[in-house]
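J.:
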Amino acid sequence: MAKKIAKRLQALQAKVDSQKIYDVQSGVSAVKSLASAKFDETVEVALRLGVDPRHADQMIRGAVVLPHGTGKKVRVAVFAKGVKADEAKNAGADVVGADDLADEIKNGNINFDIVIATPDMMALVGKVGRILGPKGLMPNPKTGTVTMDVAKAVSNAKSGQVNFRVDKKGIIHAPIGKVSFAEDKIRDNMLELVRAINKLKPTSAKGKYIRSSSLSLTMSPAIKLDSQELMDMK
Numbered sequence: 049m050a051k052k053i054a055k056r057l058q059a060l061q062a063k064v065d066s067q068k069i070y071d072v073q074s075g076v077s078a079v080k081s082l083a084s085a086k087f088d089e090t091v092e093v094a095l096r097l098g099v100d101p102r103h104a105d106q107m108i109r110g111a112v113v114l115p116h117g118t119g120k121k122v123r124v125a126v127f128a129k130g131v132k133a134d135e136a137k138n139a140g141a142d143v144v145g146a147d148d149l150a151d152e153i154k155n156g157n158i159n160f161d162i163v164i165a166t167p168d169m170m171a172l173v174g175k176v177g178r179i180l181g182p183k184g185l186m187p188n189p190k191t192g193t194v195t196m197d198v199a200k201a202v203s204n205a206k207s208g209q210v211n212f213r214v215d216k217k218g219i220i221h222a223p224i225g226k227v228s229f230a231e232d233k234i235r236d237n238m239l240e241l242v243r244a245i246n247k248l249k250p251t252s253a254k255g256k257y258i259r260s261s262s263l264s265l266t267m268s269p270a271i272k273l274d275s276q277e278l279m280d281m282k
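Position in the sequence shown counted from 1, then plus 48, gives you the numbering used here.
Shown next as structure tokens:
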């Protein structure tokens, strides 16, 4: 199986000009042509930013609702009580609870992709933070997942909200749809994501904000993009 995958990647690599820089439209077309898996591969964008995540003011983190969604069915868990719990359920949350939800998490029952919490629940959420944190599930005000408006947060999550943050190397990886999406939908999703990231450029960041960028599929090599075109997206 490993040899088969390696062979496929080599064949795909041969189709990619590693020196070429693509504009967004051409890049989307090129990456779609690399689809080779038997499943609907995810299209991912990678942006290397000119920031130092060790500085708090340069830790780029946020969320954006993609206009055409991600193509993935998202399961949402909400920490809330009373009226807010009812609002979350009515909005379509898959799991709603408080102490009982925390117990489920402690027991390893984590069958959801996003966790939302009302502010008053954060002390409780903190008790399972060591479990949620490493999985990227910890609620955070910057991503709109710590909020009193749980109905809107659930709706956003179900509609294709993507949470993003730079890693230690200053790179953001984010899904922007499926390879089965039409080219214009992938492009629209990418533009929405890039605009959100551009708005978060810290004043302390020096030099080019987007140093390099690329598009890839789950099982494909990367297509290099014109980073200047992305930085010009407002």
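Glycine is no exception: its CB is placed at the ideal position from the N, C-alpha and C atoms.
Please read all numbers here as calculations on a predicted model, not as lab measurements.
With a threshold of 8 Å on Cβ separation, who are the neighbours of M196 within its own chain once the five nearest residues in sequence on each side are excluded?
T.: Around M196: K132, T166 and P167.
J.: Out of I224, L82, G75 and H103, state which residue places its alpha-carbon closest to the alpha-carbon of K254.
T.: H103
J.: Check this for me: beta carbons of V72 and M238, under 8 Å apart or not?
T.: yes
J.: Quick check on DSSP: helix, strand or coil for L82?
T.: coil
J.: Could you tell me the alpha carbon to alpha carbon distance between G218 and K249, rounded to whole angstroms?
T.: Rounded to the nearest angstrom, the gap between the Cα atoms of G218 and K249 is 13 Å.
J.: Where does N155 land, buried or exposed, given buried means 16+ other C-beta within 10 angstroms?
T.: exposed
J.: Let me check understanding here. Comparing Cα to Cα, which of F212, P223, K272 and N246 lies closest to Q67?
T.: K272
J.: Consult DSSP for G75 and reduce its assignment to one of helix, strand or coil.
T.: helix
J.: Using DSSP with H/G/I as helix, E/B as strand and the rest coil, what is N138?
T.: helix
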